[in-house]
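Report on the following structure.
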Amino acid sequence: MSTIYILWLRQIKKYFRARSRIIGALGQPLLFLLVFGFGFKPVFQQAGAGNYIQFLVPGIIMMSVLFTAIFSGIDLIWDRQFGFLKETMVAPVPRLQIMLGKTLGGATVASLQGVIVFVLSLIIGFKVQNPMLLPVAALMVFLVALLFTSLGIAIASRIEDMQGFNLIMNFLVMPIFFLSGALFPLQGLPAVLDAVAKIDPLTYGVDGIRHTLISAGTFSLGTDLLIVAVIAAVLLGVGSYLFEKIQA
Amino acid sequence: MALSQDSNIIVVSNLTKKFHDFAAVDGISFTVKRGEIFAFLGPNGAGKSTTIKMLVTLLSPTGGHVTVNGHDPVKDKNAVRKSFGIVFQDPSLDDDLTALENMQYHAIMYKIPKDIRDKRAEELLKFVELWDRRGDMVKTFSGGMKRRLEVARGLLHHPRVLFLDEPTLGLDPQTRNHIWSYIRDINQKEEMTVFFTTHYMDEAERIAQRIAIIDYGKIIAIGTPEELKAQTKSASLEDAFLSLTGHKIREEEAGPLDQMRSRGRMWRRRS
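Sequences listed follow chains U and H, in order. Each residue of the first sequence is one higher than the one before, counting from 2 in this note's numbering. Each residue of the second sequence is one higher than the one before, counting from 881 in this note's numbering.
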């Protein structure tokens, strides 16, 4: 337990110490919120789809969770070659505990990033429909964070260097984001895109957080939570397995 | 415990590591005595780091057998891990934590009880002359200070053997001398074995009691510095080394690791 805790604590400490990084990582979601939010607002309204900012905010919260989580997982590549993790890999502790500590730390940091985006969106006029559901929203955010940190660690355990990094960004992370319904409703998509959207775990994360924040969604909140929780558990298992196999 | 009281702390027999068809380490055998200072020398790409990785449980051998402090690094990883401390070739400190936090982190990973932990950390930080800087972020430290901190950290859990992979690379002579004096001191006081690699032949000649020279995955000579010099009729260890391994420069291609080293620096600066 102490191993998991110290690994988790290390990441939290680092997060709060790197203020410039927090601010830097907020640039992208803020840009999306302001540019897309106010840019598409009139079109969205004319199409009779309601207030775009209300629609967009949950999606952008999940976007920052997705990116922060994937990156803190993938950061493992450097950490294990050159960073402190090398030290950790020769310590007399089970690999599983190292993996869990690292994943929980990454997921916590990603969740905090989501919370900051949420608070900022309140400032630009976002309204929460039912404050009673905020704890469920937090749970949803944490599960999504856990899911993608595990995915990042699973990927990082399999690749040795950053050659494949752009590949991962362009063919995995960006599609996960764009096809999750974070930016636009997933209605009336061509069959292929629709199918991809349905197997995209972030789709359920975005849908779930819309339920909790703006009381709107395609699937039921229970379905969303269940699917995200199951995929998170599976990826945590896969990540642990692959992490166990790492040879320096 | 009878095993771990053997006079040899490291026993390597017929150790082999193949990557695909290439044998990076090709059936080497040697022993290191308890309390000895042992140098492991060889040109770039000779198999030094691969051997160390197998000794410290980071890599599984393709063949052969190893014991470290009486334990098998494949079957009994944690017993081996408790037995050694290590200073890696690449820095492995957390730059965003303070010197003391890095020490505490290590102590918790090695399950050192809290009361002993603080005392030992203070002792060692004073020993490497970093106690006054304990509260400073490691990123503000010079290369030499980081190395000293890594040595202190590696000693925290009273290892029976300390592995040092090019510990003095890129450091000025003053710092190098300091680092070796700490290590010799502990070697004497705690009868701790030291296993190190270096490219500085003068250092190996001065510090090591016995030396093994590895080339193309095989051990080509082993003995005291005097024995190696006598064997090759050389005046210095450097000449002995060159006469054993040849003058040809080893053109190692920049592997993915070297490319990552430079890119890693960029990444870290960015984030």
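Quick reminder that beta carbons are idealized off the backbone N, C-alpha and C, glycines included.
Worksheet item: Distance, Cα to Cα, MET100 of chain U vs PHE1121 of chain H?
Response: If you take the alpha carbons of MET100 of chain U and PHE1121 of chain H, they lie about 43 Å apart.
Worksheet item: Which full runs of the beta strand (DSSP E) of 3+ residues lie inside the segment 1058 to 1131 of chain H, going along the chain?
Response: Scanning the segment 1058 to 1131 of chain H for uninterrupted beta strand (DSSP E) segments of 3 residues or longer gives 1073 to 1077, 1090 to 1095 and 1098 to 1103, listed from N- to C-terminal end.
Practice prompt. Could you check if LEU168 of chain U is buried or exposed, using at least 16 other CB atoms within 10 Å of its CB as the buried criterion?
Written response: The residue is exposed, with fewer than 16 neighbouring Cβ atoms inside 10 Å.
Discussion item. Whole angstroms are fine: how far does the CA of GLY1126 of chain H sit from the CA of SER1151 of chain H?
Written reply: Unreliable positioning characterises SER1151 of chain H in this predicted model, as indicated by a pLDDT of 40, which lies under 50. The coordinate reading is nonetheless provided below. The straight-line gap from Cα to Cα measures roughly 44 Å.
Discussion item. Beta-carbon within less than 8 Å of ASP208 of chain U's beta-carbon, same chain only, minus the 5 sequence neighbours each way: which residues are those?
Written reply: Closer than 8 Å at the Cβ level, and outside the excluded window around ASP208 of chain U, lie GLY182, GLY218, THR219, PHE220 and ASP225.
Worksheet item: Between the segment 67 to 91 of chain U and chain H, which residues of the former have a C-beta closer than 7 Å to a C-beta of the latter?
Response: Here the close residues are TRP79, GLN82, PHE83, GLY84, PHE85, LYS87, GLU88, THR89, MET90 and VAL91.
Discussion item. For a test of the three-state rule: what should DSSP assign to GLY907 of chain H, helix, strand or coil?
Written reply: The answer is strand: DSSP assigns GLY907 of chain H an E or B state.
Discussion item. Residues of chain H with CB closer than 7 Å to the CB of ILE154 of chain U, please, in chain order.
Written reply: Residues of chain H passing the Cβ test: none, with the nearest at roughly 17 Å.
Item to complete: Just grab the DSSP bridge partners of PHE85 of chain U for me.
Response: Looking at the DSSP assignment, PHE85 of chain U forms no beta bridge with any residue, so it has no partner.
Fill in: Segment limits, alpha helix (DSSP H) that includes ALA234 of chain U
Here the alpha helix (DSSP H) through ALA234 of chain U covers 222 to 246.
Worksheet entry | Residue closest to ALA108 of chain U, alpha-carbon to alpha-carbon, out of U:ALA26, U:SER73 and U:SER241 | Comparing Cα-Cα distances from ALA108 of chain U to each of U:ALA26, U:SER73 and U:SER241, the minimum goes to U:SER73.
Worksheet item: Would you say VAL118 of chain U and ILE61 of chain U are within 8 Å of each other, going by their C-beta atoms?
Response: Yes, they are a contact pair.
Discussion item. Contact criterion: CB-CB distance below 8 Å. Does ARG1149 of chain H meet it with respect to chain U?
Written reply: Residue placement at ARG1149 of chain H is flagged as unreliable, the pLDDT there being 47, under the threshold of 50; the coordinate-derived value follows with that caveat. No, because no Cβ of chain U sits closer than 8 Å to the Cβ of ARG1149 of chain H.
Discussion item. Using CA atoms only, rank isn't needed, just tell me which of U:GLY106, U:PRO93, U:VAL197 and U:ILE125 is closest to GLN12 of chain U.
Written reply: Closest option to GLN12 of chain U, Cα to Cα, is U:GLY106.
Fill in: Neighbourhood of THR978 of chain H by C-beta distance below 8 Å, restricted to the same chain and skipping five residues each side
Contacts found: ARG1014, GLY1015, ASP1016, MET1017 and VAL1018.
Worksheet entry | Close-in-space but distant-in-sequence residues of the same chain around LYS874 of chain H (CB under 6 Å, 5 per side omitted) | Outside the displayed span of chain H (881 to 1151) sits residue 874 of chain H, for which this structure offers no information.
Item to complete: Take GLU1107 of chain H as the anchor and find which of H:GLY1097, H:ILE1091 and H:ILE1099 has the nearest alpha-carbon.
Response: Considering only alpha carbons, the answer is H:ILE1091.
Fill in: Inter-stretch contact (C-beta, 8 Å, three-pair minimum) for the segment 1029 to 1039 of chain H and the segment 995 to 1012 of chain H
With a cut-off of 8 Å, the segment 995 to 1012 of chain H and the segment 1029 to 1039 of chain H count as touching, because enough Cβ pairs lie within range.
Discussion item. Going residue by residue through the segment 164 to 223 of chain U, where are the continuous beta strand (DSSP E) segments of at least 3 residues, counting only ones entirely within it?
Written reply: Listed in chain order, nothing qualifies, since the segment 164 to 223 of chain U has no complete beta strand (DSSP E) run of 3 or more residues.
Worksheet item: Where do the N-terminal and C-terminal ends of the alpha helix (DSSP H) with GLY60 of chain U fall, by residue?
Response: Note, GLY60 of chain U: alpha helix (DSSP H), 53 to 75.
Item to complete: Indicate whether at least one CB of chain U lies closer than 8 Å to the CB of MET989 of chain H.
Response: Between MET989 of chain H and chain U, the shortest Cβ-Cβ separation is below 8 Å.
Worksheet item: Taking the C-alpha atoms as reference points, what is the distance between SER940 of chain H and GLU1046 of chain H?
Response: As the crow flies, the alpha-carbon of SER940 of chain H is around 22 Å from that of GLU1046 of chain H.
Discussion item. Using 8 Å as the threshold, is the C-beta distance between ILE908 of chain H and ILE1100 of chain H below it?
Written reply: Cβ distance not < 8 Å, so ILE908 of chain H and ILE1100 of chain H don't count as in contact.
Fill in: Delimiting residues of the beta strand (DSSP E) encompassing LEU1044 of chain H
Membership of LEU1044 of chain H in the beta strand (DSSP E) is indicated by the continuous run 1041 to 1045.
Worksheet item: Which whole-angstrom value is the C-beta distance of PRO202 of chain U and VAL229 of chain U, which I expect to be below 8 Å?
Response: Contact between PRO202 of chain U and VAL229 of chain U holds: their C-beta atoms lie close to 6 Å from each other, under 8 Å.
Discussion item. Just verifying my parser: in three-state terms, what is the DSSP assignment at SER887 of chain H?
Written reply: In the structure shown, SER887 of chain H sits in coil (DSSP, three-state: anything other than H, G, I, E or B).
Item to complete: Pull up the distance between the alpha-carbon of GLN98 of chain U and that of LYS246 of chain U, whole angstroms please.
Response: If you take the alpha carbons of GLN98 of chain U and LYS246 of chain U, they lie about 14 Å apart.
Worksheet item: Does the distance from the C-beta atom of ALA155 of chain U to that of GLY240 of chain U stay below 8 Å?
Response: Less than 8 Å separates the beta-carbon of ALA155 of chain U from that of GLY240 of chain U.
Worksheet item: Do you know whose CA, among U:TYR6, U:GLY223 and U:GLN55, lies nearest GLN984 of chain H's CA?
Response: Each of U:TYR6, U:GLY223 and U:GLN55 was checked against the Cα of GLN984 of chain H, and the nearest Cα belongs to U:TYR6.
Worksheet item: Secondary structure at ASN924 of chain H, three-state DSSP: helix, strand or coil?
Response: Collapsing the DSSP output to three states places ASN924 of chain H in coil.
Practice prompt. Leaving out five residues on either side along the sequence, give the residues of the same chain with a beta carbon under 7 Å from the beta carbon of SER1123 of chain H.
Written response: Hits under 7 Å: THR1112 and SER1114.
Worksheet item: Listed from N- to C-terminal order along the chain, which residues in the segment 929 to 961 of chain H have their beta-carbon within a distance smaller than 9 Å of any beta-carbon of chain U?
Response: Against chain U - using a Cβ distance shorter than 9 Å - the residues of the segment 929 to 961 of chain H are LYS933, VAL936, THR937, LEU938, LEU939, SER940, LYS957, ASN958, ALA959, VAL960 and ARG961.
Practice prompt. Starting from VAL110 of chain U, follow the alpha helix (DSSP H) in both directions and report where the run begins and ends.
Written response: Membership of VAL110 of chain U in the alpha helix (DSSP H) is indicated by the continuous run 96 to 124.
Practice prompt. Report the option in H:PHE1007, H:GLY1103, H:PHE1043 and H:PRO1053 whose CA atom is closest to the CA atom of GLY1023 of chain H.
Written response: Taking each of H:PHE1007, H:GLY1103, H:PHE1043 and H:PRO1053 in turn and checking the Cα distance to GLY1023 of chain H, the smallest one comes out for H:PRO1053.
Worksheet item: Applying a beta-carbon distance threshold of less than 8 Å, which residues of chain U neighbour LEU977 of chain H?
Response: Ordered by position in chain U, the residues that pass the 8 Å Cβ test against LEU977 of chain H are ARG11, LYS14 and LYS15.
Worksheet item: If we call anything under 8 Å between Cβ atoms a contact, is LEU1178 of chain H one with ARG1027 of chain H?
Response: No answer is possible for residue 1178 of chain H: it lies beyond the span of chain H, which begins at 881 and ends at 1151.
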